[in-house]
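For the record, the sequence lines run as chains A and B. Per this note's numbering: the first sequence = residues 1 to 235. Per this note's numbering: the second sequence = residues 1001 to 1251. All C-beta atoms, glycine included, are put in the ideal place defined by N, C-alpha and C. Bear in mind that the values here come from a model prediction, so they are computed numbers and not experimental data. Let me begin by presenting the structure, written as structure tokens, before commenting on it.
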Amino acid sequence: MALATRTAKPPSLIGSVWRSTVGKKAVMAVTGLIMLAYLVAHMLGNLKVFFGAGEFNHYAAWIRTIGEPFLHHEWFLWLARVALSAAVVLHGVAAYQLSRRDLAARPVKYRGRGRRRASYATRTMRWGGVILGLFIVWHILDLTTLTVNPNAQEGRTYENLVASFDRWYVSAFYIAAMLALGLHIRHGFWSAAQTLGVGSPRRDRLLKALANGLAALLTCGFIAVPVGVLTGVVS
Amino acid sequence: MNLTLRIWRQRSPEDAGVMTTYEVSGISEDMSFLEMLDHLNEELILAGDEPVAFDHDCREGICGACGMVINGRAHGPERTTTCQLHMRHFSDGDTIDIEPWRAAAFPVVKDLVVDRSAFDRVIGAGGYVSVPTGSAPEAHAAPVPKPVADLAFEHAECIGCGACVAACPNGSAMLFTSAKVVHLNVLPQGAPERESRVLDMVGAMDDQGFGGCTNTGECATACPKGIPLQSIATMNREYLRATLKGAGRRR
Ligand code: HEM
Ligand code: SF4
Ligand code: FES
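Take a look at the structure:
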């Protein structure tokens, strides 16, 4: 056995990572963490809405100037958009392929009802992920391309946002999606640590606490904005 | 005690199979679960029926043959093997569902017997160490630090029963494979194949049609030998390390 030599050309790094369930999961973990880092910054920026239209629109305009004069106007923004789109697509495609495989690997359900150990957050990763995917599409159409925005004035980000959230059902959908996000991160952050092999018994409690903290922080921070609009604090 | 058993009966791999109800009486609480099934089978044989086929060998919790799902839980309500599960954990009048392991990689052979040879192929891909032939080496030639020896022993406890696969909602063999990989990868004797072992065993695991890990933790809860969920994270780390190391050598 030990003398067997491998003569075949080794497969490419990307190919072998993508083909393996462990490698593909690592892709999900890395892209998930990239999106998570972005969301923390996004949430903090959103809170500027509580300082009024002037400051918020100024902040939105500043985003377009990041990296100048090294980068041209809006180049940073477009780089971030490309990277995030790639992350969403890779994450979603890997999730779809792995889920298909997982369902096929366990074709028959048990009749007997066992006790489930997995938490609600763990059991809702797939459907929660689908909700997040739909949410991302709607969110871009509403506040980035302004396609479905009732105000739709380029450069008047604050007014567009208020006009959108002034409809209670839009706020309700947004809040539901943010609750789904919190659940996704609650399991996802800890799961990514497992996938990337940085978890250890010593760090387990810390990682779980971090996952819960991040999930709560993001959910509350994002929800504050529609709640502010609905209660008239932001108008 | 008297019990109602609902057991999966399937004549052959091609047969559709069906849950069949049996009543048993005179069960002592000191019987093991397998002895209870023996009791049922004696009655079935006397009545001219086909006995229920189930796997078993050592009946002392070390061979891993006796896997079955009892009331939806691999090896039943206690964290042990079915042969070590005693009837005192059930009450008179209980109805007990008994099913085979369910996983695409473990096809049913007959009744409660499944084919677990997919595990053998995972082991064959890398569950070995290479040793030079000739006289046995001096036992102290390769010192093993105590914590490392403990870790290796903890993982060597895996008996290949397949409860982890049966309990996993994805039919994933990650806990089993990680037990085998970690067992050998932490030891100096396993060092020469450290990278090829994890890459080949994960590859074989995928080839056998097991699902992927979603970190639900059902496996470690079901494992009669207490292989920890952490082993999967350790194997993931070994896999990523080996992959990146291989990438460095690849031109
Ligand atoms: C496009 C929409 C999305 C879909 C379809 C999706 C789906 C999934 C699925 C199915 C998993 C695996 C769950 C499991 O292992 O049990 C997962 C894991 C994860 N997701 Fe998402 N998700 C989406 C969006 C997001 C977003 C926006 C974030 C950013 C915070 C995120 C962060 C994570 C993380 C960190 C993991 C853990 C990766 C791992 O277990 O190694 N996901 N996602
Ligand atoms: S890891 Fe545990 S449950 Fe899985 S095969 Fe080994 S002993 Fe059985
Ligand atoms: S018969 Fe050997 S472990 Fe149960």
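| message | Less than 8 Å between CB atoms is the rule here; does lysine 124/A satisfy it with respect to chain B? | response | The sequence shown places threonine at residue 124/A, not lysine. No, threonine 124/A does not count as interfacial toward chain B.
| field | Proximity of arginine 1102/B and glycine 197/A at Cβ, strictly below 8 Å | value | No, the Cβ-Cβ distance between arginine 1102/B and glycine 197/A is not below 8 Å.
| Which residue from Asp1150/B, Ser1025/B, Ala1136/B puts its Cα closest to that of leucine 1005/B? | If you compare the alpha carbons of Asp1150/B, Ser1025/B, Ala1136/B with that of leucine 1005/B, the shortest gap goes to Ser1025/B.
| request: Could you tell me the distance, in whole angstroms, from the CA atom of methionine 1201/B to the CA atom of methionine 1036/B? | output: Approximately 38 Å, taken between the alpha carbons.
| Which parts of the region 1061-1113 of chain B are runs of the beta strand (DSSP E), unbroken and 3 residues or longer, counting only runs that do not cross its ends? | The region 1061-1113 of chain B contains these whole beta strand (DSSP E) runs: 1095-1099, 1108-1110.
| Apart from the five residues just before and just after leucine 217/A, which ones in its own chain have a Cβ nearer than 8 Å to its Cβ? | Cβ contact annotation for leucine 217/A (same chain, cutoff 8 Å, sequence separation greater than five): Val40, Met43, in chain order.
| Near-chain B residues of the region 20-43 of chain A (beta-carbon distance less than 8 Å), N- to C-terminal order | So the close ones are Ser20, Thr21, Val22, Gly23, Lys24, Lys25, Ala26.
| Mind checking whether the beta-carbon of histidine 48/A lies closer than 7 Å to any heavy atom of ligand 1? | In the sequence as presented, histidine is not what sits at residue 48/A; that position holds lysine. Not a single heavy atom of ligand 1 lies less than 7 Å from the C-beta of lysine 48/A.
| query | Which residues in the same chain as alanine 87/A place their Cβ atom closer than 7 Å to its Cβ, once the five residues preceding and following it in sequence are excluded? | reply | Cβ neighbours of alanine 87/A beyond the five flanking positions: Thr31, Ile34, Met35.
| message | Less than 8 Å between CB atoms is the rule here; does asparagine 1236/B satisfy it with respect to chain A? | response | With 8 Å as the cut-off, asparagine 1236/B counts as an interface residue toward chain A.
| task | Leaving out five residues on either side along the sequence, give the residues of the same chain with a beta carbon under 6 Å from the beta carbon of arginine 1059/B. | result | Closer than 6 Å at Cβ, skipping near neighbours: Cys1083.
| task | Report the residues of the region 1017-1029 of chain B with a CB closer than 8 Å to any CB of chain A, ordered along the chain. | result | The region 1017-1029 of chain B vs chain A, Cβ under 8 Å: Met1019.
| Start and end residues, alpha helix (DSSP H) containing tyrosine 1022/B | Per DSSP, tyrosine 1022/B lies in no alpha helix (DSSP H) segment; the continuous beta strand (DSSP E) that holds it begins and ends at 1018-1024.
| query | Mind pulling the alpha helix (DSSP H) runs of 4 or more residues that sit fully within the region 1209-1250 of chain B? | reply | You should have 1218-1222, 1230-1249.
| task | Might you give, ordered along the chain, the residues of its own chain that have their beta carbon closer than 8 Å to the beta carbon of methionine 1/A, omitting 5 neighbours on each side? | result | Note that methionine 1/A scores 49 on pLDDT, short of 50, meaning its location in the model is unreliable; the coordinates nonetheless yield the value given after this. The same chain holds no residue with a CB closer than 8 Å to that of methionine 1/A once the five nearest residues on each side in sequence are set aside.
| field | Reference histidine 1056/B, options Leu1034/B, Val1109/B, Asp1092/B, closest by Cα | value | When each option's Cα is compared against that of histidine 1056/B, the closest is Leu1034/B.
| Cα-Cα separation, methionine 1235/B to asparagine 1185/B | Distance between the alpha carbons of methionine 1235/B and asparagine 1185/B: 9 Å.
| message | Less than 7 Å separating the Cβ of threonine 1082/B from some heavy atom of ligand 3? | response | Threonine 1082/B: yes, Cβ under 7 Å from ligand 3.
| Contact set between arginine 1102/B and chain A, taken where Cβ atoms lie within less than 8 Å | Chain A residues near arginine 1102/B: Arg106, Pro107, Val108, Lys109, Tyr110.
| query | Name the DSSP bridge partner or partners of serine 1172/B? | reply | Beta-bridge analysis with DSSP links serine 1172/B to Gly1211/B.
| Whole-angstrom C-beta distance between threonine 1216/B and alanine 118/A, which should lie under 8 Å | Indeed, because the Cβ distance is near 4 Å, the residues count as touching under 8 Å.
| task | Would you mind telling me which residues of chain A sit closer than 9 Å to serine 1172/B, beta carbon to beta carbon, in chain order? | result | Near serine 1172/B (Cβ distances below 9 Å), the residues of chain A are Thr21, Asp102, Ala105, Arg106.
| field | Beta-carbon spacing of glutamate 1029/B, valine 1129/B below 8 Å | value | Not closer than 8 Å, so no.
| Minimum Cβ-Cβ distance from phenylalanine 1210/B to chain A less than 8 Å | By this cut-off, phenylalanine 1210/B is an interface position.
| task | State the DSSP-derived secondary structure class of serine 119/A, mapped to helix, strand or coil. | result | Looking at serine 119/A - three-state DSSP - the assignment turns out to be coil, as it is neither helix nor strand.
| task | Just the chain A side, please: which residues come within less than 9 Å of threonine 1080/B by C-beta, in chain order? | result | Going along chain A, no residue has its Cβ under 9 Å from threonine 1080/B, so there is no contact; the nearest lies around 16 Å.
| said: Using a Cβ distance threshold of 8 Å, determine whether the region 156-170 of chain A contacts the region 222-231 of chain A, with at least three qualifying pairs required. | reply: For the pair of segments examined, the region 156-170 of chain A was found to touch the region 222-231 of chain A: the number of CB pairs separated by less than 8 Å reaches three.
| message | Could you check whether alanine 1167/B and threonine 1221/B sit closer than 8 Å to each other, using their CB atoms as the reference points? | response | Result yes, Cβ atoms of threonine 1221/B and alanine 1167/B sit closer than 8 Å.
| message | On a Cα-Cα basis, can you pick out the residue from Val1113/B, Ala1204/B, Glu1050/B, Val1108/B that is closest to phenylalanine 1119/B? | response | Closest in C-alpha terms to phenylalanine 1119/B, from the list Val1113/B, Ala1204/B, Glu1050/B, Val1108/B, comes Ala1204/B.
| query | Cβ of leucine 1175/B within 7 Å of any heavy atom in ligand 2? | reply | Flag set: Cβ of leucine 1175/B near ligand 2.
| field | Interface flag, glutamine 1230/B vs chain D, CB-CB below 8 Å | value | Here chain D cannot be found, since the structure's protein chains are A and B.
| Under 7 Å Cβ-Cβ, which residues of chain A neighbour aspartate 1206/B? | Within chain A, the residues near aspartate 1206/B are Ser20, Thr21.
| request: Measure from the alpha carbon of proline 1107/B to the alpha carbon of each residue in Ile1159/B, Arg1011/B, Gly1134/B, then state which is nearest. | output: Minimum Cα distance to proline 1107/B is reached at Arg1011/B.
| Sequence-distant residues of the same chain with beta carbon closer than 6 Å to arginine 955/B, five excluded per side | Residue 955/B is absent from the structure shown; chain B starts at 1001 and stops at 1251.
| Leaving out the 5 sequence neighbours to the left and right, which residues in its chain are closer than 8 Å to arginine 1251/B when beta-carbon positions are compared? | Confidence is the limiting factor: at arginine 1251/B the pLDDT is only 39, short of 50, which leaves the residue's position unreliable and the question unanswerable from this model.
| field | Rounded straight-line distance, which links the Cα of isoleucine 1159/B to that of glutamate 1042/B | value | Rounded to whole angstroms, glutamate 1042/B to isoleucine 1159/B spans 29 Å at the Cα level.
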